[in-house]
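One structure is given here, and the rest of the page talks about it.
Numbering (the numbering used here), first residue to last: 23 to 273.
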């Protein structure tokens with residue numbers, strides 16, 4: 023104790039110091055208690071979120087499994103329907119199985135969906151295309167459809183009806199040309215005439231399906247105006263997404 027402890031000023035100062043220490047200790051205790059409380063509450067909250075997260079994850083897992091099962095049934099049903107359709111049209115299970123493999127590969131490597139490809143194939147076969155050539159014809163028509171951004175089955179319809187007719191009419195020419203297909207130019211090359219003379223040849227019944235077939239081949243063979251465009255479109259985001267979807271469906 024200092025010698026001047028009895029000095030009123032010193033005594034007052036010491037009392038103030040004691041009060042300060044008491045107050046400081048109280049603040050420390052409060053802070054410590056608060057820290058423990060916050061930590062405890064935080065742990066409770068974390069446990070709650072963990073439990074809730076587990077329940078949510080479980081719920082999503084159940085939902086995903088149910089959705090996957092429904093999708094699996096749907097896709098498998100579509101495959102079976104296509105297989106039955108091809109088998110019925112061809113009257114040969116082995117040919118149908120082989121063609122199904124070709125069409126599945128075409129769908130997985132082009133921007134077209136399997137259902138679209140299968141519908142096109144069955145339509146072409148119904149029009150008279152053979153099982154051995156239908157996939158190649160689909161790819162050629164697909165090149166033109168991709169290049170002009172037109173529905174594949176629209177082009178299949180035009181090609182197929184011309185096949186059934188056996189010859190080309192003025193209406194057919196308008197249908198092809200109205201979609202941007204330069205069919206008159208290709209026919210002019212075949213007949214060795216000017217483009218504006220093709221209409222006369224059509225009116226005279228001199229343009230048959232074989233000429234349309236050759237024109238399609240000319241436009242899609244290597245070096246042709248539409249050659250490889252299906253493959254090019256497959257490299258775009260839209261095409262890649264379509265391919266991925268088909269590959270997932272097949273898997």
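Even glycine gets a Cβ: it sits at the ideal position worked out from N, Cα and C.
Quantities reported herein were computed from a predicted structural model and do not represent experimental measurements.
In three-state terms, what does DSSP make of residue i?
{"i": "residue 162", "result": "helix"}
{"i": "residue 230", "result": "strand"}
{"i": "residue 221", "result": "helix"}
{"i": "residue 154", "result": "coil"}
{"i": "residue 238", "result": "helix"}
{"i": "residue 203", "result": "coil"}
{"i": "residue 102", "result": "helix"}
Considering residue i, what are the terminal residues of the alpha helix (DSSP H) in which it resides?
{"i": "residue 115", "result": "115-131"}
{"i": "residue 176", "result": "174-187"}
{"i": "residue 248", "result": "First-last for residue 248: undefined, no H or E at that position."}
{"i": "residue 148", "result": "136-149"}
{"i": "residue 200", "result": "192-200"}
Once you ignore the five residues that flank residue i on each side, which residues in its own chain have a CB closer than 8 Å to its CB?
{"i": "residue 156", "result": "121, 143, 146 and 147"}
Do you know whose CA, among the options, lies nearest residue i's CA?
{"i": "residue 133", "options": "184, 173 and 116", "result": "173"}
{"i": "residue 219", "options": "206, 230 and 231", "result": "206"}
{"i": "residue 188", "options": "228, 215, 169 and 171", "result": "228"}
{"i": "residue 198", "options": "141, 151 and 170", "result": "170"}
{"i": "residue 101", "options": "118, 113 and 114", "result": "118"}
{"i": "residue 226", "options": "138, 201, 191 and 214", "result": "191"}
To which residues of the same chain is residue i closer than 6 Å at the C-beta, ignoring the five residues directly before and after it?
{"i": "residue 194", "result": "184"}
{"i": "residue 149", "result": "182, 185 and 186"}
{"i": "residue 165", "result": "242, 248, 251 and 252"}
By Cβ distance below 7 Å, which residues in the same chain neighbour residue i in space, the five residues on each side in sequence not counted?
{"i": "residue 209", "result": "220, 229, 233 and 237"}
{"i": "residue 246", "result": "240"}
{"i": "residue 108", "result": "118, 121, 122 and 144"}
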